[in-house]
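First the structure, in the form of structure tokens, and then the observations on it.
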Amino acid sequence: MVQLINGVTPLDEARALLGQSFDLKFSKSVEKATADLFERVKDKLPAVEWPFFAPLIFQINRLKKQKNALILAHTYQAPQIFFGVADIKGDSLHLAIEATKSDRQVLVQCGVRFMAETTKLLNPQKTVLLPDSRAGCSLSSSITADDLLAMKAQYPGVPVIAYMSTSAEVKAVSDICCTAANALEIVEAVAGDTVIMVPDQFLARNTAKLTKKKIVTWAGACEVHATFTAADIAELRAAYPDAKIIAHPECPPEVIAAVDFAGSTTGMVDWVKAQKPARVVMVTECSMSDNVALEAPDTQFVRGCNICPHMKRITLENILWSLHTMSAEVIVPDALIERAAHSIRRMMEVSATGD
Ligand code: CIZ
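Here the sequence shown stands for residues -3 to 351, numbered as in our numbering.
In structure tokens form, the structure reads like this:
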């Protein structure tokens, strides 16, 4: 068996390897079959790139039907994935919930590992594939279950809220989960006047400003959002005085204080679609800004974003390889699934605005 594309093979070798099993020529029939998709993305993808993407998109869409697979793409995925092959698009909780409504048995997660685990937690009978098993997350890897158990020992009886960007192990030793959209609602809903919220120090500090409760947190941060500063926002304001600036609550509090709106990924998308600003800066992941731009033609998007290197590990090449070889399957032990899914379900009982 040739070496796996998943996680180890450079892109040019990946194409050569895929070429042994798939026709990757940009033929007239592929051009015709993908013409509508190109129309959708052409404002964000250079036309010269389409002949490379189109044959992969064509083969993925053909193979996913054969394999009874559903492709889930997070908002941070590049437009060729988001618009080219995804069946369900959105934030991690939305992807996992929507997958439960499908009868397709194979779920290909175009996202990072904690997202694939979340999908598995809510779809335990289905096969969940992660096209690059190295796709991690700085937040999720910042805390282990042992770290959290030690923290719980320090604060006996204090309820523990785990942000969705955590591993299944961490969710399993938490009381309830939260998203960026419902963090405040969950803090208010749990008992007591002190809560532990892990692992994002900035989401915790931004939430603490909105509640009387004391929030004990962890030193985790999202490497995409943590690097934005108040000076960046001031520079953007000076350069684009007419633009609305919106940011994700994983940004530091001084950034959140300086922007016009702060919200989760879904919150930001909804805000742009509802407010229709003439010009906007999305202080978040770059592909998200590109994807929203393609759906909001009346708004001009200024790029004030960072790229998530983990999300960008997912490519059309490794999605096709993943479907072809049915790898890499995300395995979560049954006992862990039960406990970790319980924390997600508790959140869904408390909050109607899960995603
Ligand atoms: O869980 C998600 O999808 C992330 C990363 C953030 C959000 O705001 O939804």
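Idealized CB from N, CA, C, for every residue including glycine.
* Asked: Taking the Cβ atom as the reference point for each residue, do Asp238 and Ala274 lie within a distance shorter than 9 Å?
  -> Mapped onto the sequence shown, residue 238 falls at position 242. Mapped onto the sequence shown, residue 274 falls at position 278. Cβ distance < 9 Å, so Asp238 and Ala274 count as in contact.
* **CA-to-CA distance, Val251 to Ala337, given in whole angstroms** => Along the sequence shown, one-based indexing puts residue 337 at 341. Along the sequence shown, one-based indexing puts residue 251 at 255. Approximately 33 Å, taken between the alpha carbons.
* Can you name the start and end residues of the beta strand (DSSP E) that Thr321 belongs to? -> As a first step, residue 321 must be located in the sequence shown, where it is residue number 325. Per DSSP, Thr321 is not a residue of any beta strand (DSSP E); the alpha helix (DSSP H) it occupies stretches across 312 to 321.
* To do: Please find out if some non-hydrogen atom of the ligand CIZ comes closer than 8 Å to the beta-carbon of Asp266.
  => For the purposes of this step, residue 266 is identified with residue 270 of the sequence shown, where counting begins at 1. Flag unset: Cβ of Asp266 not near the ligand CIZ.
* Assign Leu14 to one of two classes, buried (16 or more other C-beta atoms within 10 Å of its C-beta) or exposed (fewer than that). => In the sequence shown, counting from the first residue as 1, residue 14 sits at position 18. It counts as buried.
* With a cut-off of 8 Å, do at least 3 Cβ pairs link the segment 282 to 298 to the segment 309 to 319? -> With a cut-off of 8 Å, the segment 309 to 319 and the segment 282 to 298 do not count as touching, because too few Cβ pairs lie within range.
* Report, in whole angstroms, the separation of the C-beta atoms of Ser23 and Ile172, which I expect to be a contact under 8 Å. => The residue given as residue 23 occupies position 27 in the sequence shown. The residue given as residue 172 occupies position 176 in the sequence shown. Actually they are not in contact, since the Cβ atoms of Ser23 and Ile172 sit about 52 Å apart, beyond 8 Å.
* To do: Decide if Arg130 is buried, meaning its Cβ has at least 16 other Cβ atoms within 10 Å, or exposed.
  => Here the question's residue 130 lines up with position 134 in the sequence shown. With fewer than 16 other Cβ atoms within 10 Å, it is exposed.
* Using the Cα positions of Val81 and Tyr151, report the straight-line distance between them to the nearest angstrom. => Residue 81 sits at position 85 when you count from the first residue of the sequence shown. Residue 151 sits at position 155 when you count from the first residue of the sequence shown. Roughly 46 Å between the two C-alpha positions.
* Asked: If we ignore side chains and look at the alpha-carbon of each, how far apart do Leu125 and Arg201 end up?
  -> As a working note, residue 125 is residue 129 in the sequence shown. As a working note, residue 201 is residue 205 in the sequence shown. Their Cα atoms are separated by approximately 34 Å.
* Any non-hydrogen atom of the ligand CIZ within 8 Å of His244 CB -> Taking the sequence shown and counting its residues from 1, one reaches residue 244 at position 248. Taken from the Cβ of His244, at least one heavy atom of the ligand CIZ lies inside 8 Å.
* **Three-pair Cβ contact test at 8 Å for the segment 156 to 166 versus the segment 102 to 111** => The answer is yes - the segment 102 to 111 touches the segment 156 to 166, with three or more Cβ pairs under 8 Å.
* Which residues in the same chain have their Cβ closer than 8 Å to the Cβ of Met(-3), if we skip the five residues on either side of it in sequence? -> Here residue -3 is taken as the residue at index 1 of the sequence shown, counted from 1. Its pLDDT being 33, under 50, Met(-3) is placed unreliably in this model, and the value from its coordinates should be taken loosely. Taken in chain order, the list of residues that qualify is empty.
* Comparing the CB of Met193 with every heavy atom of the ligand CIZ, is any distance shorter than 8 Å? -> For the purposes of this step, residue 193 is taken as residue 197 along the sequence shown, with counting starting at 1. Met193 Cβ: outside cutoff for every heavy atom of the ligand CIZ.
* For the ligand CIZ, any of its heavy atoms closer than 8 Å to the Cβ of Tyr72? -> The residue given as residue 72 occupies position 76 in the sequence shown. Indeed, a heavy atom of the ligand CIZ lies less than 8 Å from the Cβ.
* Asked: Can Thr261 be considered in contact with the ligand CIZ, in the sense that its beta carbon sits closer than 8 Å to one or more heavy atoms?
  -> As a first step, residue 261 must be located in the sequence shown, where it is residue number 265. Yes; taking the cut-off as 8 Å, the Cβ of Thr261 has a heavy atom of the ligand CIZ nearer than that.
* Expressed to the nearest angstrom, what Euclidean distance is found between the alpha-carbon atoms of Gln271 and Ala243? -> Here the question's residue 271 lines up with position 275 in the sequence shown. Here the question's residue 243 lines up with position 247 in the sequence shown. Spanning the two alpha carbons is a distance of roughly 15 Å.
* May I ask which residues mark the beginning and end of the alpha helix (DSSP H) holding Lys24? => Taking the sequence shown and counting its residues from 1, the one referred to as residue 24 is at position 28. Taken as a continuous stretch (DSSP letters only), the alpha helix (DSSP H) holding Lys24 covers 24 to 29.
* Asked: Where Ser318 and Lys210 are concerned, what is the direct C-alpha to C-alpha distance, given to the nearest angstrom?
  -> Within the sequence shown, the letter at position 322 stands for residue 318. Within the sequence shown, the letter at position 214 stands for residue 210. The straight-line gap from Cα to Cα measures roughly 45 Å.
* Decide if Thr213 is buried, meaning its Cβ has at least 16 other Cβ atoms within 10 Å, or exposed. => Taking the first residue of the sequence shown as 1, we reach residue 213 at position 217. Per the 10 Å Cβ criterion, buried.
* Asked: What's the C-alpha gap between Lys352 and Ile84?
  -> Within the shown structure, residues of the chain are numbered from -3 to 351, placing residue 352 beyond reach of any answer.
* Cβ pair Phe49, Gln76 closer than 9 Å -> Within the sequence shown, the letter at position 53 stands for residue 49. Within the sequence shown, the letter at position 80 stands for residue 76. Against a cut-off of 9 Å, the Cβ pair of Gln76 and Phe49 comes out as a contact.
* How many Å lie between Thr280 and Ser260 at the Cα? -> Along the sequence shown, one-based indexing puts residue 280 at 284. Along the sequence shown, one-based indexing puts residue 260 at 264. Each residue's Cα considered, the two are about 10 Å apart.
* To do: Let me know the secondary structure DSSP gives Glu94 once reduced to three states.
  => Mapped onto the sequence shown, residue 94 falls at position 98. Residue state for Glu94 is assigned as helix, using DSSP reduced to three classes.
* To do: Quick one: residues in its chain with C-beta nearer than 8 Å to the C-beta of Ala95, no 5 flanking neighbours on either side, listed in chain order?
  => What you label residue 95 is simply residue 99 of the sequence shown in a count that begins at 1. Taken in chain order, the residues that qualify are Leu66, Leu68, Ile84, Leu103, Thr115, Leu118, Asn119, Lys122.
* Using the C-alpha atoms, what's the distance from Leu316 back to Leu52? -> The sequence position of residue 52 within the sequence shown is 56, counting from 1. The sequence position of residue 316 within the sequence shown is 320, counting from 1. Approximately 7 Å between the Cα atoms of the pair.
* Between the CA atoms of Gly188 and Thr30 - distance to the nearest angstrom -> Locating residue 30 in the sequence shown gives position 34, counting from the first residue. Locating residue 188 in the sequence shown gives position 192, counting from the first residue. Thr30 and Gly188 have their C-alpha atoms roughly 55 Å apart.
* **Nearest to Gly263 (by Cα), restricted to the options Ile182, Ala177, Gln101** => On the sequence shown, position 267 is the one that residue 263 refers to. Of the listed residues, the one whose Cα sits closest to Gly263 is Ala177.
* Asked: Based on Cα-Cα distance, which residue from Met344, Ala158, His70 lies nearest to Asp87?
  -> Mapped onto the sequence shown, residue 87 falls at position 91. Checked all of Met344, Ala158, His70; the closest Cα to Asp87 is His70.
* **Cys174: first and last residue of the uninterrupted beta strand (DSSP E) it sits in** => In the sequence shown, counting from the first residue as 1, residue 174 sits at position 178. Start and end: 172 to 174.
* Asked: So, is the C-beta of Val81 closer than 9 Å to a C-beta in chain D?
  -> Judged by its chain identifiers, the structure shown contains no chain D, having just a single protein chain.
* Nearest residue (CA-CA) to Ile241, options Ala158, Ala235, Phe257 -> Here residue 241 refers to the residue found at position 245 of the sequence shown. Among Ala158, Ala235, Phe257, the Cα nearest to that of Ile241 belongs to Phe257.
* Where do the N-terminal and C-terminal ends of the alpha helix (DSSP H) with Gln197 fall, by residue? -> Start at 1 with the first residue of the sequence shown, and residue 197 comes out as number 201. Boundaries of the alpha helix (DSSP H) around Gln197: 197 to 204.
* Can you name the residues that DSSP bridges to Gly86? -> Sequence index remark: in the sequence shown, residue 86 carries index 90 (1-based). Per DSSP, His70.
* Measure from the alpha carbon of Val220 to the alpha carbon of each residue in Ala179, Tyr236, Cys133, then state which is nearest. => For this step, residue 220 is matched to residue 224 along the sequence shown. Selected option, being the one with the closest Cα: Cys133.
* To do: Could you tell me which residues DSSP pairs with Lys210 in its beta bridges?
  => Counted from its first residue, the sequence shown places residue 210 at position 214. DSSP, once it has assigned bridges, lists Thr190 as partnering Lys210.
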